[in-house]
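In this text, residue positions in the sequence shown follow the working numbering: the first is 261, and each later residue adds one. Some notes on the structure that comes next.
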Amino acid sequence: MKRGAPKFENHPLFPERTNVQFASITAPDRIRMRVWERGVGVTLASGSSSCATAVSANRRGLTGKNVQIELDGGILDINWREDGVWMTGPTMQVFSGHFSDEFLKSL
């Protein structure tokens, strides 16, 4: 991931750079995926990438419409229904902070 993804992220085809995902189908209802966010590097998960990967895999006949995406940060359940793509999974707080009064006044 750390060798290949930066080459895609910075390829001339993507003048503003791009996010990169590597995915492999591990079962008809399961996909293993790793995520590289442009300007950041490896990240634990990406909900939008997971949804896009699930729909793409289904449209290619590789999976059903309900799949689990296994990411470094955990498992997301993706369900592609007539009314849209639904994602469920765990959440966790990774940061908390405060804005200074000076910053808020500058807005």
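Backbone N, C-alpha and C define an ideal beta-carbon position, used for all residues, glycine too.
C-alpha gap between residue i and residue j, whole angstroms
| i | j | result |
| --- | --- | --- |
| I329 | E362 | 42 angstroms |
| A305 | P275 | 24 angstroms |
| L322 | E269 | 26 angstroms |
Residue i, DSSP secondary structure in three states
| i | result |
| --- | --- |
| E276 | coil |
| S360 | coil |
| V302 | strand |
Burial state of residue i, where buried means 16 or more other Cβ atoms lie within 10 Å
| i | result |
| --- | --- |
| M352 | exposed |
| A265 | buried |
According to DSSP, residues forming a beta bridge with residue i
| i | result |
| --- | --- |
| N339 | N326 and W346 |
| M293 | A283 |
| G321 | None, per the DSSP bridge assignment. |
| L331 | G334 |
CB-CB length for residue i against residue j, believed under 8 angstroms
| i | j | result |
| --- | --- | --- |
| R298 | T278 | 6 angstroms |
Cβ of residue i within 9 angstroms of any chain B Cβ
| i | result |
| --- | --- |
| L331 | As a matter of chain content, chain B is missing from the structure shown, which is built from one protein chain. |
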